[in-house]
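Residue numbers (our numbering): 8 to 392. For each residue, glycine too, the CB sits at the ideal point set by N, CA and C.
In C-alpha coordinates form, the structure reads like this:
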(Lines of atoms letter the chains of each structure in order from A; the text may use other names.)
(Lines give C-alpha, C1' and ligand atoms only; values in the text may rest on other atoms or scores of the structure.)
Protein backbone atom coordinates (compact mmCIF):
# COMPACT_ATOMS: atom_id res chain seq x y z
CA UNK A 8 0.00 0.00 0.00
CA UNK A 9 2.83 2.39 0.87
CA UNK A 10 4.55 1.62 -2.44
CA UNK A 11 1.31 2.30 -4.32
CA UNK A 12 0.96 5.66 -2.57
CA UNK A 13 4.57 6.46 -3.47
CA UNK A 14 3.93 5.61 -7.13
CA UNK A 15 0.78 7.75 -7.26
CA UNK A 16 2.65 10.64 -5.61
CA UNK A 17 5.51 10.27 -8.09
CA UNK A 18 3.15 10.37 -11.05
CA UNK A 19 1.34 13.37 -9.59
CA UNK A 20 4.60 15.27 -9.23
CA UNK A 21 5.60 14.42 -12.79
CA UNK A 22 2.27 15.68 -14.11
CA UNK A 23 2.52 18.89 -12.14
CA UNK A 24 5.95 19.82 -13.42
CA UNK A 25 5.23 19.03 -17.07
CA UNK A 26 3.58 22.29 -18.20
CA UNK A 27 5.77 24.61 -16.16
CA UNK A 28 9.33 23.67 -17.06
CA UNK A 29 11.43 23.32 -20.14
CA UNK A 30 14.57 21.26 -20.47
CA UNK A 31 18.03 22.40 -21.53
CA UNK A 32 20.02 19.57 -23.08
CA UNK A 33 23.77 19.82 -23.71
CA UNK A 34 26.36 17.28 -24.79
CA UNK A 35 30.04 17.38 -25.68
CA UNK A 36 33.52 16.48 -24.51
CA UNK A 37 33.93 19.01 -21.68
CA UNK A 38 30.93 21.04 -20.49
CA UNK A 39 31.09 23.98 -18.09
CA UNK A 40 28.35 26.14 -16.63
CA UNK A 41 30.21 29.36 -15.84
CA UNK A 42 29.99 31.04 -12.45
CA UNK A 43 27.99 33.97 -13.83
CA UNK A 44 25.67 31.79 -15.93
CA UNK A 45 22.03 31.25 -14.89
CA UNK A 46 19.88 28.50 -16.40
CA UNK A 47 16.14 28.82 -15.83
CA UNK A 48 15.30 25.27 -16.93
CA UNK A 49 15.94 21.71 -15.88
CA UNK A 50 19.41 20.83 -17.16
CA UNK A 51 20.50 17.53 -18.74
CA UNK A 52 24.21 17.08 -19.51
CA UNK A 53 26.16 14.28 -21.24
CA UNK A 54 29.95 14.64 -21.57
CA UNK A 55 33.39 13.35 -20.61
CA UNK A 56 33.69 16.00 -17.91
CA UNK A 57 31.08 18.34 -16.42
CA UNK A 58 31.73 21.37 -14.21
CA UNK A 59 28.72 23.33 -12.92
CA UNK A 60 29.74 26.60 -11.25
CA UNK A 61 26.69 28.72 -12.05
CA UNK A 62 23.06 28.71 -10.93
CA UNK A 63 20.40 26.29 -12.18
CA UNK A 64 16.76 27.09 -11.42
CA UNK A 65 15.64 23.52 -11.84
CA UNK A 66 16.86 19.93 -11.60
CA UNK A 67 20.24 18.77 -12.90
CA UNK A 68 20.89 15.42 -14.60
CA UNK A 69 24.63 15.02 -15.21
CA UNK A 70 26.25 11.91 -16.69
CA UNK A 71 29.99 11.83 -17.46
CA UNK A 72 33.33 10.37 -16.48
CA UNK A 73 33.84 13.25 -14.04
CA UNK A 74 31.18 15.53 -12.56
CA UNK A 75 31.80 18.62 -10.40
CA UNK A 76 29.10 20.86 -8.96
CA UNK A 77 29.96 24.00 -6.97
CA UNK A 78 27.09 26.29 -7.97
CA UNK A 79 23.58 26.79 -6.63
CA UNK A 80 20.93 24.27 -7.67
CA UNK A 81 17.31 25.16 -6.94
CA UNK A 82 16.15 21.62 -7.69
CA UNK A 83 17.72 18.20 -7.25
CA UNK A 84 20.86 16.58 -8.67
CA UNK A 85 20.79 13.20 -10.44
CA UNK A 86 24.27 12.09 -11.45
CA UNK A 87 26.22 9.09 -12.66
CA UNK A 88 30.01 9.20 -13.15
CA UNK A 89 33.29 7.58 -12.24
CA UNK A 90 34.12 10.56 -10.01
CA UNK A 91 31.49 12.88 -8.53
CA UNK A 92 32.33 15.95 -6.43
CA UNK A 93 29.32 17.95 -5.25
CA UNK A 94 30.00 21.07 -3.20
CA UNK A 95 26.80 22.92 -3.98
CA UNK A 96 25.94 26.21 -2.33
CA UNK A 97 22.45 24.79 -2.09
CA UNK A 98 20.54 21.81 -3.51
CA UNK A 99 17.29 20.08 -2.59
CA UNK A 100 18.14 16.39 -3.02
CA UNK A 101 21.07 14.38 -4.36
CA UNK A 102 20.86 11.01 -6.12
CA UNK A 103 24.33 9.90 -7.23
CA UNK A 104 26.00 6.73 -8.45
CA UNK A 105 29.71 6.39 -9.13
CA UNK A 106 33.12 5.06 -8.19
CA UNK A 107 34.25 7.91 -5.93
CA UNK A 108 31.66 10.34 -4.57
CA UNK A 109 32.31 13.38 -2.36
CA UNK A 110 29.41 15.38 -0.94
CA UNK A 111 29.74 18.82 0.63
CA UNK A 112 27.65 21.99 0.93
CA UNK A 113 24.02 22.46 2.00
CA UNK A 114 21.46 19.80 1.07
CA UNK A 115 17.88 20.68 2.03
CA UNK A 116 16.50 17.15 1.94
CA UNK A 117 17.84 13.62 1.44
CA UNK A 118 20.99 12.19 -0.12
CA UNK A 119 20.98 8.78 -1.83
CA UNK A 120 24.36 7.34 -2.90
CA UNK A 121 25.52 4.18 -4.68
CA UNK A 122 29.27 3.80 -5.12
CA UNK A 123 32.68 2.47 -4.20
CA UNK A 124 34.17 5.20 -2.00
CA UNK A 125 31.69 7.63 -0.41
CA UNK A 126 32.71 10.72 1.55
CA UNK A 127 30.42 13.14 3.36
CA UNK A 128 32.81 16.07 3.81
CA UNK A 129 33.11 18.00 7.08
CA UNK A 130 31.54 21.01 5.32
CA UNK A 131 28.43 19.04 4.38
CA UNK A 132 25.07 19.63 6.03
CA UNK A 133 22.23 17.26 5.13
CA UNK A 134 18.92 18.39 6.59
CA UNK A 135 17.23 14.99 6.31
CA UNK A 136 18.42 11.40 5.75
CA UNK A 137 21.55 9.87 4.22
CA UNK A 138 20.93 6.57 2.42
CA UNK A 139 24.01 4.74 1.12
CA UNK A 140 24.98 1.47 -0.55
CA UNK A 141 28.60 0.88 -1.48
CA UNK A 142 32.13 -0.05 -0.50
CA UNK A 143 33.39 2.50 2.04
CA UNK A 144 31.45 5.30 3.73
CA UNK A 145 33.21 8.09 5.61
CA UNK A 146 30.91 10.59 7.36
CA UNK A 147 32.61 13.78 8.56
CA UNK A 148 29.71 16.21 8.11
CA UNK A 149 26.40 16.94 9.81
CA UNK A 150 23.33 14.81 9.05
CA UNK A 151 20.16 16.00 10.78
CA UNK A 152 18.25 12.82 10.02
CA UNK A 153 19.10 9.14 9.91
CA UNK A 154 21.97 7.26 8.26
CA UNK A 155 20.93 3.93 6.75
CA UNK A 156 21.98 1.45 4.09
CA UNK A 157 24.70 -1.13 3.57
CA UNK A 158 28.49 -0.72 3.11
CA UNK A 159 31.68 -2.70 3.43
CA UNK A 160 33.35 -0.23 5.82
CA UNK A 161 31.75 2.57 7.82
CA UNK A 162 33.74 5.36 9.50
CA UNK A 163 31.84 7.99 11.50
CA UNK A 164 33.40 11.20 12.80
CA UNK A 165 30.59 13.69 12.18
CA UNK A 166 27.10 14.30 13.58
CA UNK A 167 23.85 12.46 12.88
CA UNK A 168 20.55 11.20 14.23
CA UNK A 169 19.86 7.46 14.38
CA UNK A 170 22.20 5.14 12.50
CA UNK A 171 20.83 1.87 11.13
CA UNK A 172 23.35 0.31 8.80
CA UNK A 173 24.71 -3.02 7.59
CA UNK A 174 28.51 -2.85 7.56
CA UNK A 175 31.43 -5.25 7.40
CA UNK A 176 33.56 -2.96 9.60
CA UNK A 177 32.49 -0.01 11.74
CA UNK A 178 34.55 2.69 13.43
CA UNK A 179 33.01 5.52 15.48
CA UNK A 180 35.79 8.05 15.96
CA UNK A 181 36.43 10.43 18.82
CA UNK A 182 34.34 13.56 18.38
CA UNK A 183 31.48 11.80 16.62
CA UNK A 184 28.02 12.75 17.89
CA UNK A 185 25.10 10.38 17.33
CA UNK A 186 21.83 11.83 18.63
CA UNK A 187 19.94 8.56 18.77
CA UNK A 188 20.48 4.82 18.47
CA UNK A 189 23.39 3.07 16.77
CA UNK A 190 22.03 -0.14 15.21
CA UNK A 191 24.54 -2.25 13.28
CA UNK A 192 24.13 -5.45 11.30
CA UNK A 193 27.63 -6.87 11.21
CA UNK A 194 29.69 -9.94 11.99
CA UNK A 195 32.36 -7.67 13.53
CA UNK A 196 32.20 -5.70 16.76
CA UNK A 197 32.27 -1.93 16.16
CA UNK A 198 35.29 0.12 17.23
CA UNK A 199 34.01 3.04 19.33
CA UNK A 200 36.75 5.46 20.33
CA UNK A 201 36.77 7.34 23.61
CA UNK A 202 35.15 10.74 23.19
CA UNK A 203 32.44 9.54 20.81
CA UNK A 204 28.93 10.49 21.97
CA UNK A 205 25.96 8.16 21.44
CA UNK A 206 22.81 9.37 23.22
CA UNK A 207 20.70 6.29 22.48
CA UNK A 208 21.30 2.55 22.57
CA UNK A 209 24.05 0.69 20.76
CA UNK A 210 22.82 -2.56 19.22
CA UNK A 211 24.78 -5.15 17.27
CA UNK A 212 22.82 -7.69 15.25
CA UNK A 213 25.07 -10.43 13.93
CA UNK A 214 24.05 -12.36 10.78
CA UNK A 215 24.05 -15.75 12.51
CA UNK A 216 21.62 -14.46 15.14
CA UNK A 217 19.01 -14.13 12.42
CA UNK A 218 19.51 -17.74 11.34
CA UNK A 219 20.01 -16.85 7.70
CA UNK A 220 23.62 -17.97 7.35
CA UNK A 221 25.51 -17.07 4.21
CA UNK A 222 22.36 -15.93 2.39
CA UNK A 223 21.87 -13.14 4.92
CA UNK A 224 25.51 -12.12 4.58
CA UNK A 225 25.22 -11.66 0.82
CA UNK A 226 21.64 -10.35 0.76
CA UNK A 227 22.59 -6.63 1.08
CA UNK A 228 25.28 -7.04 -1.58
CA UNK A 229 22.82 -8.76 -3.92
CA UNK A 230 20.17 -6.11 -3.26
CA UNK A 231 22.72 -3.39 -3.97
CA UNK A 232 23.80 -5.07 -7.20
CA UNK A 233 20.21 -5.43 -8.42
CA UNK A 234 19.40 -1.81 -7.54
CA UNK A 235 22.67 -0.67 -9.13
CA UNK A 236 21.94 -2.51 -12.38
CA UNK A 237 18.39 -1.14 -12.53
CA UNK A 238 19.70 2.39 -12.21
CA UNK A 239 22.45 1.76 -14.78
CA UNK A 240 19.90 0.38 -17.25
CA UNK A 241 17.56 3.29 -16.57
CA UNK A 242 20.31 5.84 -17.22
CA UNK A 243 21.46 3.96 -20.33
CA UNK A 244 17.93 4.03 -21.75
CA UNK A 245 17.71 7.76 -21.15
CA UNK A 246 20.97 8.25 -23.07
CA UNK A 247 19.84 6.00 -25.94
CA UNK A 248 16.44 7.73 -26.12
CA UNK A 249 18.01 11.18 -26.29
CA UNK A 250 20.41 10.03 -29.03
CA UNK A 251 17.53 8.53 -31.03
CA UNK A 252 15.62 11.82 -30.90
CA UNK A 253 18.71 13.83 -31.86
CA UNK A 254 19.71 11.62 -34.81
CA UNK A 255 16.50 9.92 -35.98
CA UNK A 256 13.68 12.26 -35.02
CA UNK A 257 11.59 11.58 -38.16
CA UNK A 258 11.87 7.82 -37.70
CA UNK A 259 10.87 8.12 -34.04
CA UNK A 260 7.82 10.18 -35.01
CA UNK A 261 6.90 7.69 -37.75
CA UNK A 262 6.97 4.78 -35.32
CA UNK A 263 5.01 6.75 -32.72
CA UNK A 264 2.32 7.66 -35.26
CA UNK A 265 2.06 4.01 -36.28
CA UNK A 266 1.41 2.97 -32.69
CA UNK A 267 -1.05 5.80 -32.02
CA UNK A 268 -3.10 5.04 -35.16
CA UNK A 269 -2.90 1.22 -34.98
CA UNK A 270 -2.27 0.16 -31.36
CA UNK A 271 -3.89 -3.29 -31.58
CA UNK A 272 -2.19 -4.11 -34.86
CA UNK A 273 1.08 -3.12 -33.18
CA UNK A 274 0.28 -5.51 -30.32
CA UNK A 275 -0.36 -8.31 -32.82
CA UNK A 276 2.91 -7.66 -34.63
CA UNK A 277 4.70 -7.58 -31.30
CA UNK A 278 3.27 -10.93 -30.22
CA UNK A 279 4.18 -12.53 -33.54
CA UNK A 280 7.67 -11.03 -33.46
CA UNK A 281 8.23 -12.16 -29.88
CA UNK A 282 7.35 -15.79 -30.79
CA UNK A 283 8.32 -16.17 -34.45
CA UNK A 284 11.77 -14.52 -34.49
CA UNK A 285 13.42 -16.79 -31.86
CA UNK A 286 11.86 -19.91 -33.46
CA UNK A 287 13.17 -18.88 -36.88
CA UNK A 288 16.60 -18.15 -35.39
CA UNK A 289 16.76 -21.62 -33.78
CA UNK A 290 15.87 -23.28 -37.10
CA UNK A 291 18.52 -21.24 -38.93
CA UNK A 292 21.13 -22.15 -36.30
CA UNK A 293 20.31 -25.82 -36.90
CA UNK A 294 20.99 -25.30 -40.61
CA UNK A 295 24.68 -24.50 -40.91
CA UNK A 296 24.09 -22.55 -44.11
CA UNK A 297 21.74 -20.21 -42.22
CA UNK A 298 24.16 -19.48 -39.37
CA UNK A 299 25.04 -15.87 -40.45
CA UNK A 300 21.35 -15.01 -40.83
CA UNK A 301 20.63 -16.54 -37.41
CA UNK A 302 23.31 -14.38 -35.80
CA UNK A 303 21.84 -11.30 -37.48
CA UNK A 304 18.34 -12.33 -36.35
CA UNK A 305 19.52 -12.68 -32.76
CA UNK A 306 21.07 -9.22 -32.96
CA UNK A 307 17.83 -7.70 -34.34
CA UNK A 308 15.71 -9.49 -31.72
CA UNK A 309 17.89 -8.16 -28.89
CA UNK A 310 17.66 -4.60 -30.25
CA UNK A 311 13.86 -4.85 -30.53
CA UNK A 312 13.56 -6.00 -26.92
CA UNK A 313 15.85 -3.23 -25.67
CA UNK A 314 14.21 -0.43 -27.68
CA UNK A 315 10.62 -1.49 -26.97
CA UNK A 316 10.28 0.38 -23.66
CA UNK A 317 12.06 3.44 -25.06
CA UNK A 318 9.58 3.84 -27.93
CA UNK A 319 6.57 3.17 -25.71
CA UNK A 320 7.94 5.87 -23.36
CA UNK A 321 7.82 8.40 -26.22
CA UNK A 322 4.08 7.80 -26.65
CA UNK A 323 3.22 7.55 -22.94
CA UNK A 324 5.01 10.82 -22.15
CA UNK A 325 3.36 12.65 -25.04
CA UNK A 326 -0.11 11.44 -24.04
CA UNK A 327 0.44 12.58 -20.45
CA UNK A 328 1.52 16.05 -21.58
CA UNK A 329 -1.51 16.28 -23.91
CA UNK A 330 -3.77 15.96 -20.87
CA UNK A 331 -2.55 19.40 -19.78
CA UNK A 332 -1.21 21.04 -22.93
CA UNK A 333 -3.91 21.22 -25.59
CA UNK A 334 -2.08 23.47 -28.06
CA UNK A 335 1.44 23.94 -29.35
CA UNK A 336 4.27 21.56 -30.18
CA UNK A 337 5.33 19.04 -27.56
CA UNK A 338 9.05 18.40 -27.15
CA UNK A 339 10.02 14.77 -27.74
CA UNK A 340 12.75 15.16 -25.14
CA UNK A 341 10.29 16.14 -22.41
CA UNK A 342 7.83 13.44 -23.55
CA UNK A 343 10.54 10.81 -23.36
CA UNK A 344 11.86 11.80 -19.93
CA UNK A 345 8.35 11.77 -18.45
CA UNK A 346 7.40 8.54 -20.20
CA UNK A 347 10.51 6.60 -19.17
CA UNK A 348 10.13 7.73 -15.53
CA UNK A 349 6.47 6.66 -15.48
CA UNK A 350 7.28 3.23 -16.96
CA UNK A 351 10.20 2.77 -14.56
CA UNK A 352 8.05 3.60 -11.52
CA UNK A 353 5.12 1.45 -12.64
CA UNK A 354 7.52 -1.43 -13.26
CA UNK A 355 8.42 -1.44 -9.56
CA UNK A 356 4.89 -2.44 -8.49
CA UNK A 357 4.69 -6.18 -7.68
CA UNK A 358 2.62 -8.27 -10.14
CA UNK A 359 1.15 -5.20 -11.87
CA UNK A 360 4.67 -4.10 -12.82
CA UNK A 361 5.35 -7.50 -14.41
CA UNK A 362 2.14 -7.29 -16.47
CA UNK A 363 2.96 -3.73 -17.55
CA UNK A 364 6.50 -4.74 -18.58
CA UNK A 365 5.13 -7.59 -20.73
CA UNK A 366 2.63 -5.26 -22.44
CA UNK A 367 5.34 -2.63 -22.98
CA UNK A 368 7.56 -5.30 -24.56
CA UNK A 369 4.83 -6.53 -26.94
CA UNK A 370 3.52 -3.09 -27.89
CA UNK A 371 7.06 -1.75 -28.27
CA UNK A 372 8.28 -4.60 -30.49
CA UNK A 373 5.11 -4.36 -32.56
CA UNK A 374 5.31 -0.62 -33.15
CA UNK A 375 8.96 -0.94 -34.17
CA UNK A 376 8.29 -3.81 -36.59
CA UNK A 377 5.15 -2.26 -38.06
CA UNK A 378 6.61 1.25 -38.23
CA UNK A 379 9.78 -0.01 -39.93
CA UNK A 380 7.71 -2.06 -42.39
CA UNK A 381 5.54 0.95 -43.29
CA UNK A 382 8.64 3.08 -43.72
CA UNK A 383 10.19 0.52 -46.08
CA UNK A 384 6.98 0.43 -48.14
CA UNK A 385 6.99 4.23 -48.44
CA UNK A 386 10.63 4.20 -49.50
CA UNK A 387 9.89 1.59 -52.17
CA UNK A 388 6.93 3.59 -53.46
CA UNK A 389 9.20 6.62 -53.78
CA UNK A 390 11.82 4.36 -55.41
CA UNK A 391 14.40 5.22 -52.76
CA UNK A 392 15.29 1.54 -52.42
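- When C-alpha distances from residue 253 are compared across 343, 183, 123 and 36, the shortest belongs to 343.
- Around the C-beta of residue 276, 16 or more other C-beta atoms lie within 10 Å, and the residue is accordingly described as buried.
- Under the three-pair Cβ rule at 8 Å, the stretch 67-79 counts as touching the stretch 89-102.
- Sorting 119, 296 and 177 by C-alpha distance to the C-alpha of residue 135 places 119 at the top.
- A contact between stretches requires three or more CB pairs, one per stretch, nearer than 8 Å, and the stretch 237-248 fails this requirement with the stretch 291-304.
- The three-state secondary structure of residue 106, taken from DSSP, is strand.
- For residue 161, DSSP records a beta bridge to 144 and 177.
- For residue 87, the enclosing beta strand (DSSP E) covers residues 84-98.
- Remark: three or more beta-carbon pairs, one from each stretch, lie closer than 8 Å, so the stretch 250-269 and the stretch 307-325 are flagged as touching.
- Around the beta carbon of residue 233, fewer than 16 other beta carbons lie within 10 angstroms, which makes this residue exposed.
- Judged by DSSP in its simplified three-state form, residue 255 adopts coil rather than helix or strand.
- Beta-bridge partners of residue 156 (DSSP): 139 and 172.
- Membership of residue 384 in the alpha helix (DSSP H) is indicated by the continuous run 359-388.
- About 11 Å separates the CB atoms of residue 140 and residue 123; that is not less than 8 Å, and the two are not in contact.
- Judged by DSSP in its simplified three-state form, residue 260 adopts helix.
- The stretch 249-263 and the stretch 345-353 do not touch, with fewer than three beta-carbon pairs separated by less than 8 Å.
- Across the set 175, 182, 187 and 185, the C-alpha of 175 shows the shortest separation from the C-alpha of residue 197.
- About 5 Å separates the beta carbon of residue 212 from that of residue 192, a gap short enough to meet the 8 Å contact definition.
- Around the CB of residue 204, fewer than 16 other CB atoms lie within 10 Å, so the residue is classed as exposed.
- Per DSSP, reduced to three states, the secondary structure at residue 265 is helical.
- Runs of the beta strand (DSSP E) lying entirely within the stretch 28-60 and spanning at least 3 residues, in chain order: 30-34, 37-40, 49-53 and 56-59.
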